[in-house]
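For the sequence shown, the positions run -23 to -1, 1 to 316 when mature numbering (1 follows the signal peptide of the UniProt record, and there is no 0) is used. Every residue, glycine too, gets a C-beta built ideally from N, C-alpha and C. Bear in mind the structure is a predicted one, so any value in this text is a computation, not a measurement. What follows is a single structure, written as structure tokens, with notes after it.
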Amino acid sequence: MPNYRRPAWAGLFALALAGGAAAQDTTIKFSNLWPENHYLWQEGGKVFADAVNEATGGKVAFADFHASQLGKDQLSLLNSNLAQMATVAAPYAPDKLGLTGVTELPGYFGSSCEAVGKLWPLAQEGGLLDQKEYEALGLHVLFVAVPPPYKLMTARKPVRSLEDLRGLKIRSVGGAQADSVRALGAAPVQVQAGEFYDSVSRGTVDGAIYIWVGVPPFSLQEVLHQTTEGFHAGSAAVLYAIRQQTWDGLPDEVKAAMTEAGQKAQQNLCAYQDREEDKIRDGYVQAGTLAVNALTPEEAARWNALTAGVAADWAARLDQSGRPGTEVLKAFEAAGAGN
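Quick look at the structure:
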């Protein structure tokens, strides 16, 4: 495990906080994976940063770097201190955040806020994921986001049965979600959201396991015209994390302000996603650009039967690699809704 020491600038930071106008020169670099107009920033990261700035009377400010300006590997940015805070998408670091991929398993929650209510007790300071995954990475997680359960969307082909799906190339976030796609007879392809539009346009992929609230930021409604309802494929966890090294150097009052702001942002973000998910889909249906294909109860049962073993297989693989997959799965199952 790396040795995380108090940063040299932490003392200067504390002095700046007490130094009136000079404190305005003190900033925390905040690296954001997505464009500035993306809802994960506007309804999450920005809400957090604004709340901290207000609570500290402007003594804590953030320098925001959007759309991976500092680099795509958020964990490396934090580790090297190129950024002190970042949005970390678990599917993009499966080797380091494999346990956090528990949210990708199908069938464990029906909304964003329910998923957050299950993940946060594990991710917060002292939680199981904090102990088993984040401490070793030098992360202090301030809040989390889990989009609503992912749905199947395709460019042109309507999918109403397993037979329709088989052989299609379907974008997934990887990990357990890719296992679900594979179990259903399709071919999972891992493509980042920002590259998905071009992948569909070129025919590299036929569709995706995705969320409606994530469609507008990338104009994906222009290339996705069919959706299948009746099956939920889990979701992707996003950590809004600060370097433990940075966190340890902050005054207690700043830590308290950040902790409170994190809970405000977390609740705002999950509520926004749950509110907008169906509204966005319905707008495309009303505009005549999207067709909805509902699985019959019998067909949905076939899909669920094929993916029923994904969770156990996921946990077993992690157990075999020396990581507590089964322990995390049981804790996630037992965690209650709400945050």
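Could you give the DSSP three-state label for residue i: helix, strand or coil?
i: L145; result: coil
i: I186; result: strand
i: E275; result: helix
i: Q243; result: helix
i: T284; result: helix
i: A70; result: coil
i: A308; result: helix
i: F208; result: coil
i: R300; result: coil
Give me the Cβ distance between residue i and residue j, rounded to the nearest whole Å; I'm assuming they're in contact under 8 Å.
i: W18; j: Q243; result: The pair is not a contact, with the Cβ atoms about 14 Å apart (cut-off 8 Å).
i: V190; j: Q250; result: 5 Å
i: P124; j: S157; result: Incorrect: roughly 16 Å between the Cβ atoms, too far for contact.
i: residue 328; j: A160; result: Because the chain here runs from -23 to 316, residue 328 falls outside it and cannot be looked at.
State the Cα-Cα distance for the pair residue i and residue j, rounded to the nearest angstrom.
i: A213; j: S149; result: 10 Å
i: G162; j: A155; result: 11 Å
i: Y85; j: P135; result: 26 Å
i: G152; j: D183; result: 19 Å
i: F309; j: S298; result: 20 Å
i: A248; j: P68; result: 22 Å
i: D259; j: L76; result: 34 Å
i: W224; j: R133; result: 48 Å
i: E140; j: R279; result: 11 Å
i: K241; j: E91; result: 16 Å
i: F173; j: Q222; result: 35 Å
i: D296; j: L306; result: 11 Å
With DSSP as the reference, identify every bridge partner of residue i, one or two as the case may be.
i: R220; result: L116
i: I5; result: F39
i: M62; result: F7, I219
i: P165; result: I147
i: Q203; result: T131, A268
i: V121; result: L216
(message) Would the region 48 to 57 count as touching the region 103 to 117 if we require 3 or more Cβ pairs under 8 Å?
(response) yes
(message) Would the region 267 to 283 count as touching the region 59 to 78 if we require 3 or more Cβ pairs under 8 Å?
(response) no
(request) Could you tell me whether the region 97 to 107 touches the region 21 to 36, using the rule of 3 or more Cβ pairs below 8 Å? (result) no
(request) Inspect the CB distances between the region 192 to 200 and the region 171 to 179 and report whether three or more fall short of 8 Å. (result) yes
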